[in-house]
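Structure first, then comments.
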Amino acid sequence: MTPHFSKIHLRFKLNGIYFDRDALKEVAYSFIKEGEPYEMAVGNFLTDWLNDKETIRIKTSGTTGDPKMISIKKQYMVNSAIATGNFFKTEIGDSALSCLSANYIAGKMMLVRAMILGLELDLAPPSSRPLGHSNKQYDFCAMVPLQVLHSIDQLDRVGTLIIGGAPITNTLFQKLQLVSANAFATYGMTETITHIAAKKLNNFASASEVRHMHYQLLPDVSISQDERNCLVINASKLNDETIITNDIVKIIDENTFEWLGRYDNVINSGGVKLIPEQIELKLAESLPRDFFVSSLPDETLGEKLVLVIEGDTIDIDPVTYANLDTYETPKETFFIPEFERTGSGKIKRSTTLETLL
Numbered sequence: 003m004t005p006h007f008s009k010i011h012l013r014f015k016l017n018g019i020y021f022d023r024d025a026l027k028e029v030a031y032s033f034i035k036e037g038e039p040y041e042m043a044v045g046n047f048l049t050d051w052l053n054d055k056e057t058i059r060i061k062t063s064g065t066t067g068d069p070k071m072i073s074i075k076k077q078y079m080v081n082s083a084i085a086t087g088n089f090f091k092t093e094i095g096d097s098a099l100s101c102l103s104a105n106y107i108a109g110k111m112m113l114v115r116a117m118i119l120g121l122e123l124d125l126a127p128p129s130s131r132p133l134g135h136s137n138k139q140y141d142f143c144a145m146v147p148l149q150v151l152h153s154i155d156q157l158d159r160v161g162t163l164i165i166g167g168a169p170i171t172n173t174l175f176q177k178l179q180l181v182s183a184n185a186f187a188t189y190g191m192t193e194t195i196t197h198i199a200a201k202k203l204n205n206f207a208s209a210s211e212v213r214h215m216h217y218q219l220l221p222d223v224s225i226s227q228d229e230r231n232c233l234v235i236n237a238s239k240l241n242d243e244t245i246i247t248n249d250i251v252k253i254i255d256e257n258t259f260e261w262l263g264r265y266d267n268v269i270n271s272g273g274v275k276l277i278p279e280q281i282e283l284k285l286a287e288s289l290p291r292d293f294f295v296s297s298l299p300d301e302t303l304g305e306k307l308v309l310v311i312e313g314d315t316i317d318i319d320p321v322t323y324a325n326l327d328t329y330e331t332p333k334e335t336f337f338i339p340e341f342e343r344t345g346s347g348k349i350k351r352s353t354t355l356e357t358l359l
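Under the working numbering, the first residue of the sequence shown is numbered 3, with each subsequent residue one higher.
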């Protein structure tokens, strides 16, 4: 039987202490009045969660359109927590670390998972080094890539690590092969109450497993594609509506898909449609720095493909482009001292590109 959102698991602990519903309301009030900024965010969410309303207002990330405020059913957040617990095989009493801001859906859901699944949750400021506050071992944790990158030498203290908010760079992927934590990239958005799919990133059993590294759907989710080859999500336990994304995918089977790139980023160069993320994947092993592929206006092609690299100017070995098709080879290369980035470490492509114009 699915627990109701009004119930708090008897094994739930926050910073080592069990709180029932009434006591948790007092904790929330204390956080709002006297806490650090990250604790105030936790307090605000807990206050909303513990009231009698069936929904919560949350701002979307913009994955399916412009960012906006939407109402999410609390019971759907419970369903999401249970799906995550089943997929990653969490157990009652497992230790977990919350190091993402509770102002956003990912941080809110760490609290919901703990209250519903009976996890022992510790709170940490959403800093770039979230494991630096203690030497404790954790069974479960969620981070953005920037946090993971700065925590590589401490990830052996984590059992299962889920990573979202920005793409996994080739550099980070290689570093993850050296840690014992079982790391997964997640796919999702606010409208799906965080992730609806995940893919393994390390501790592979064989080389073939690496080659077939695709997203696996969580329980009770089905997918299809629209005429743009973009992902369409049906998850009736998470959202009353069908969700149409701007993510171009290749569907492998009913439970598996490969993410190819964003429809927003597609480049039409001389009538040939190019997906920057796929070109970047081919270049990743040859370029040691952070980079991205984009386009600039061109009188002949309409849009010309360009390569933008972070850091000082260097000579590019022609071998770098060996795996690219003719149309995928950049027409021009630019070097920018430092990219514009979001708080999660995602490169702001358009903002960075504006510096060239």
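Quick reminder that beta carbons are idealized off the backbone N, C-alpha and C, glycines included.
In the pairwise beta carbon analysis, the segment 82-90 is classified as touching the segment 109-122: at least three pairs are separated by under 8 Å.
In this structure, the alpha-carbon of I195 lies about 44 Å from that of E301.
Bounds of any beta strand (DSSP E) do not take in N241, whose DSSP letter is neither H nor E.
In this structure E279 is in contact with L262, their Cβ atoms being roughly 7 Å apart against a cut-off of 8 Å.
For D292, same chain residues with a beta-carbon under 6 Å away, outside a window of 5 residues either side, are E312 in chain order.
In terms of Cα proximity to T192, the closest of K201, G166, A183 and H6 is G166. The three-state secondary structure of R13, taken from DSSP, is coil. Look at Q139 here: in three-state DSSP terms it is coil, with no helix or strand label.
Along the length of the segment 256-344, whole alpha helix (DSSP H) runs at least 4 residues long occupy 278-285, reported in chain order. Non-local C-beta neighbours of M79 in its own chain, meaning closer than 6 Å and more than five positions away in sequence, comprise V114 and I195, ordered along the chain. Nearest neighbour of A286 by Cα position, chosen from V268, N325 and F336, turns out to be N325. Between the segment 151-166 and the segment 329-340 there are fewer than three C-beta pairs closer than 8 Å, too few to call the two in contact.
Excluding its 5 nearest sequence neighbours in each direction, N105 has C-beta neighbours in its own chain below 6 Å: A43, listed in chain order. Taken in chain order, the unbroken stretches of beta strand (DSSP E) that lie wholly in the segment 150-208 and span 3 residues or more are 160-165, 184-191 and 196-202.
Of the residues assessed, T357 falls on the exposed side of the cut-off, its CB having fewer than 16 other CB atoms within 10 angstroms.
Going by C-alpha positions, P132 is about 6 Å away from A126. If you look at I84, you'll find it in the alpha helix (DSSP H) that goes K76 to F90. With contacts defined as CB atoms closer than 8 Å, S352 and K306 fail to qualify as a contacting pair. Assigned with DSSP and collapsed to three states, D124 falls in strand. By the criterion of at least three beta-carbon pairs nearer than 8 Å, the segment 52-60 is not in contact with the segment 135-148.
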